[in-house]
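Oh and the sequence shown: position 164 is 178 in this note's numbering, straight run, nothing missing. By construction, the Cβ of each residue, glycine as well, lies at the ideal position given by its N, Cα and C atoms.
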Amino acid sequence: MENNVKAQISLLVQIQKMDLDRTQQKDEQDDFPEKLKEAEQPLMEARAVFTALKASLEQVDKVKKDKELELQIAEEKIPKLKSRLTDLKTNKEYHAHLQEIEAAEKDKDNIEEQLLILMEESDVMKKDLDLKASVMEAEEKKFYSEKKKLENGIHQISESAKRLEEEWQVLAGQIEKDLLEDYKRLYSSRKGLAVSPLKGNICSGCHFSLPPQLVAEVKKEEKIITCSYCHRMLYANLS
Ligand SMILES: [Zn+2]
């Protein structure tokens, strides 16, 4: 391997940088559905509020319609009762009938009052529903623009991931097979740091201080030296 070691280490360091980017890209791709869902949340909430209010309004309007019908019946009853007054023979009958008319009028007044309350309630709810509809529309716009942004972002990431993958394959082709396998194993078991630079006599991977003899061997670049503690591949200087 002679000074091929230096070149191989340099390739591994480049591959490692790419792998970190690839890991980050993959994380972003994995996060995409969750981010989309998160962006949609305010719209879902606005829709739920609107739908619930609409259902309540429909319910109030239904009660109101029934009440209108009830009022109509109560109103029609009064002239009918009044028209029968002339048919009555005795004073007693007459008074009893007047009381019946009075009760019918009271009944009608009560229904009118209830109807008025329902109408007010319905009006307030309609105004509120219009407001909720515009909130929902605004949330819709916001979500669709955010969705587009996220989709564009993820598209760019997948394009750049494709390019990176090609570059990775080219570099990997120049690395000795066994060494690449060692690297891959270390990369996944050592949290994305398989090739670790020395800082003085300290391994950047595990932060342990290494014996001078080992440090000297790393600097010689005659063979791949691994850290005595974490077993990462060590390098001193790439320039
Ligand atoms: Zn180490």
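- Measuring C-alpha to C-alpha distances from Q170 to each of E126, Q43, K49 and R61 identifies Q43 as the nearest.
- Contact annotation: L67 and E154 have beta-carbon atoms that are not nearer than 9 Å.
- Per DSSP, Y197 has no beta bridge partner at all.
- For R177, the distance from the CB to the nearest heavy atom of ligand 1 is not below 8 Å.
- Here Y249 is bridged, per DSSP, to P211.
- For S70, same chain residues with a beta-carbon under 7 Å away, outside a window of 5 residues either side, are M139 in chain order.
- A distance of 9 Å or more separates the beta carbons of V209 and Q38.
- About 16 Å separates the Cβ atoms of L200 and V232, ruling out a contact at the 8 Å cut-off.
- According to the DSSP assignment, P47 belongs to the alpha helix (DSSP H) that extends over N18 to S97.
- Counting along the chain, no alpha helix (DSSP H) covers F222, and no H or E run does either.
- Counting only residues of its own chain and dropping the five nearest sequence neighbours on each side, F222 has a CB closer than 6 Å to the CB of Y243.
- V63 and E135 do not touch by the CB rule: their CB atoms are close to 18 Å apart, not below 8 Å.
- If you look at L102, you'll find it isn't in any alpha helix (DSSP H); DSSP assigns it neither H nor E.
- Counting only heavy atoms of ligand 1, the residues whose C-beta sits closer than 7 Å to one of them are, along the chain, S210, C217, G219, C220, F222, C241, Y243, C244 and R246.
- Of the residues assessed, Y197 falls on the buried side of the cut-off, its CB having 16 or more other CB atoms within 10 angstroms.
- When the Cα atoms are used, Y158 and Q188 turn out to be separated by approximately 45 Å.
- For E179, same chain residues with a beta-carbon under 8 Å away, outside a window of 5 residues either side, are R36 in chain order.
- Scanning its chain for C-beta atoms nearer than 6 Å, with the 5 sequence neighbours on each side dropped, one finds no residue around K79.
- Residue burial annotation: A250 is buried, with at least 16 other C-beta atoms found within 10 angstroms of its C-beta.
- Contact annotation: A60 and M150 have beta-carbon atoms nearer than 9 Å.
- Apart from the 5 residues on each side of it in sequence, E54 sits with its Cβ closer than 8 Å to the Cβ of F157 and K161 in its chain, given in chain order.
- In the three-state scheme derived from DSSP, where H, G and I count as helix and E and B as strand, I238 is classed as coil.
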